[in-house]
Amino acid sequence: MYKRAFQQIVFVLLTAVVCGCHQKTQTPLSSSSQEDSTTVKEMEKGEVQKEGKLTFKQVEQVKKDNSGEYKIVVDFPTDGNPILVNAIREYISESLGTSYAGELENNKQGSYDGDLSDGQKMVDYYFRLKYKEFKSAHDMMAEDMTGDIPTFASETEIRHLYETDKFVSYEFKKYEDMGGAHGGTAITGMTFRKNDGRRIEWDMFTGSMQDVMKKGLKKYFEVNTDEELDNCLSLEHTYLLPLPVNPPVFIKEGVSITYQQYEIAPYAAGLPSFILPYSEAKSLMNTTGKNLLP
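Using this note's numbering, you'd call the opening residue of the sequence shown number 72 and step up by one each time.
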């Protein structure tokens with residue numbers, strides 16, 4: 072039965088908690104009217120001519136039918152430091168394989184075992200998995216329900232975000248809706264060191280982040296006191312703020328720090344996030360991290 076097979080979906084997608092702070096609304100990444108298409112678009116040559124800059128192309132797969140709308144768009148690396156290019160391709164494969172839906176053992180993270188250099192085949196592989204998963208769930212819902220059946224949606228984007236001569240950052244966005252009270256949104260990313268493809272994680276931050284996290288979250292929620300912040304969060308103690316599960320992402324303005332839905336606050340709070348300027352981040356990082364800063 073639908074209810075039994077997608078118990079986890081119901082738990083995540085049907086739970087909405089009203090926060091004492093002002094509500095943050097999540098919306099789909101985009102909307103498409105295409106029926107069924109596959110597109111590969113080369114980036115403009117002027118964007119990749121600078122020496123040392125990563126070369127990439129946009130790979131896309133889109134489908135719309137009576138069950139819903141589905142889309143994957145990826146800025147797929149095509150040329151550059153081979154070690155870096157391979158690292159980013161592996162990251163893309165692992166990210167496309169993550170899923171909100173289905174049982175845990177059905178997660179397909181990094182399951183593509185084809186040619187890593189063929190971005191279209193990689194995207195097509197994960198697109199087929201996602202479409203099959205959602206179409207099956209929609210068909211099961213249609214069998215168990217009467218009246219209008221809600222349409223589903225799955226939209227994923229992995230885009231080239233920012234780049235210097237020392238690092239390159241990618242952003243991952245996903246919106247999924249399986250007919251519940253609301254959809255689910257994830258926004259994260261990854262920064263890679265250009266000379267060896269190393270992924271930048273929280274271990275490069277060695278100083279205490281408590282004051283930084285508290286200051287950034289107060290700004291996000293537009294509050295001034297610890298008590299007001301405490302009322303916005305679903306944590307037991309705000310004096311022990313955890314770092315986000317996902318890594319920091321280096322962008323033009325500084326270090327982007329983002330919590331996912333339900334990670335520290337209810338759904339109504341959105342994705343608590345803020346940007347830590349590089350001038351402030353430097354004192355909190357080890358030498359490896361400092362050497363990457365613009």
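Beta carbons: idealized from backbone N, C-alpha and C, even for Gly.
On the CB-based measure, 16 or more other CB atoms within 10 Å of its CB, does TYR310 come out buried or exposed?
For the purposes of this step, residue 310 is taken as residue 239 along the sequence shown, with counting starting at 1. Answer is exposed; the Cβ neighbour count stays below 16.
Could you tell me whether the segment 251–264 touches the segment 200–218, where touching means 3 or more Cβ pairs closer than 8 angstroms?
no
Complete alpha helix (DSSP H) runs within the segment 309–337 (minimum length 4 residues, chain order):
none
Does the distance from the C-beta atom of GLY139 to that of THR222 stay below 7 angstroms?
As a working note, residue 139 is residue 68 in the sequence shown. As a working note, residue 222 is residue 151 in the sequence shown. Taking 7 angstroms as the Cβ cut-off, GLY139 and THR222 qualify as a contacting pair.
Give me, in chain order, the residues of the same chain whose beta-carbon lies closer than 6 angstroms to that of TYR233; leave out the 5 immediate sequence neighbours on both sides.
The residue you call residue 233 lines up with position 162 of the sequence shown. Answer for TYR233: SER240, ILE322, LYS323, listed in chain order.
Backbone secondary structure at VAL156 - three-state DSSP:
Position 85 of the sequence shown holds residue 156. Helix.
Whose C-alpha, out of PHE345, ASN317, LEU342, is nearest the C-alpha of TRP273?
Sequence index remark: in the sequence shown, residue 273 carries index 202 (1-based). The candidate whose alpha carbon is nearest that of TRP273 is ASN317.
Which ranges does the alpha helix (DSSP H) cover as unbroken runs of at least 4 residues, wholly within the segment 178–256, from first to last along the chain?
190–215
Pull up the DSSP beta-bridge partners for TYR141, would you.
As a first step, residue 141 must be located in the sequence shown, where it is residue number 70. TYR141 pairs with LYS134, SER225.
With GLY325 and PRO348 assumed to form a contact (beta carbons below 8 angstroms), what rounded beta-carbon distance in angstroms separates them?
Against the sequence shown, residue 325 aligns to sequence position 254. Against the sequence shown, residue 348 aligns to sequence position 277. Contact flag correct, Cβ pair sits at about 4 angstroms.
Should GLY185 be labelled buried (16 or more other beta-carbon atoms within 10 Å of its own) or exposed?
Residue numbering aside, residue 185 sits at position 114 when the sequence shown is read from its first letter. By the neighbour-count rule (16 or more Cβ atoms within 10 Å), GLY185 is not buried but exposed.
Identify the residues that DSSP records as bridge partners of GLN148: which are they?
Reading the sequence shown from its first residue, position 77 is the one you call residue 148. Looking at the sequence provided, one finds Pro at residue 148 rather than Gln. Answer is PHE127, bridged to PRO148.
Residues in its own chain within less than 8 angstroms of THR359 by CB, not counting five upstream and five downstream?
Within the sequence shown, numbered from 1, the residue matching residue 359 stands at position 288. Closer than 8 angstroms at the Cβ level, and outside the excluded window around THR359, lie MET275.
For THR296, is the classification buried or exposed, using 16 other Cβ atoms within 10 angstroms of its Cβ as the cut-off for buried?
As a working note, residue 296 is residue 225 in the sequence shown. Result: exposed.
From which residue to which residue does the beta strand (DSSP E) around PHE345 run?
Translated into positions along the sequence shown, residue 345 becomes position 274. PHE345 -> beta strand (DSSP E) spans 344–347.
Measuring CB atoms only, is the segment 278–294 touching the segment 246–258, in the sense that at least three cross pairs come out at less than 8 angstroms?
no
Between the beta-carbon of PHE147 and the beta-carbon of GLY190, is there less than 7 angstroms?
Position 76 of the sequence shown holds residue 147. Position 119 of the sequence shown holds residue 190. In this structure, GLY190 lies closer than 7 angstroms to PHE147 by Cβ.
Taking CB distances under 7 angstroms as the criterion, tell me whether MET249 reaches chain D.
The question asks about chain D, but that chain is absent: this structure has only one protein chain.
Report the CB separation of SER164 from GLY151 in whole angstroms; it is logged as a contact under 8 angstroms.
In the sequence shown, residue 164 corresponds to position 93, counting from 1. In the sequence shown, residue 151 corresponds to position 80, counting from 1. Rounded, the Cβ-Cβ distance is 17 angstroms, inconsistent with contact.
Would you list the residues sitting across from PHE276 in a DSSP beta bridge?
Here residue 276 refers to the residue found at position 205 when the sequence shown is read from its first residue. Per DSSP, MET356.
Quick one: is LYS290 buried, meaning 16 or more other Cβ sit within 10 Å of its Cβ, or exposed?
In the sequence shown, the residue the question calls residue 290 occupies position 219. Looking at its Cβ environment, which holds fewer than 16 other Cβ atoms inside 10 Å, LYS290 is exposed.
Judging by CA-CA distance, which residue of SER207, ASP210, THR235, LYS245 is the nearest neighbour of SER225?
Here residue 225 refers to the residue found at position 154 of the sequence shown. That would be LYS245, whose Cα lies nearest to the Cα of SER225.
Is the CB-CB distance between LEU314 and ALA336 below 7 angstroms?
The count along the sequence shown starts at 1 and reaches residue 314 at position 243. The count along the sequence shown starts at 1 and reaches residue 336 at position 265. No.
When the distance is taken between beta carbons, is PRO365 closer than 7 angstroms to THR235?
Residue mapping note: residue 235 aligns to position 164 of the sequence shown, counting from 1. Residue mapping note: residue 365 aligns to position 294 of the sequence shown, counting from 1. Yes, Cβ-Cβ distance for THR235 and PRO365 is below 7 angstroms.
Give the straight-line distance between the Cα atoms of LYS128 and ASP248, rounded to the nearest whole angstrom.
To locate residue 128, count along the sequence shown from 1; it is residue 57. To locate residue 248, count along the sequence shown from 1; it is residue 177. For LYS128 and ASP248, the distance between alpha carbons rounds to 28 angstroms.
Nearest by alpha-carbon distance to GLY55: which of GLU351, ALA352, THR329 is it?
In this structure the chain extends from 72 to 365, so residue 55 is not present and cannot be described.
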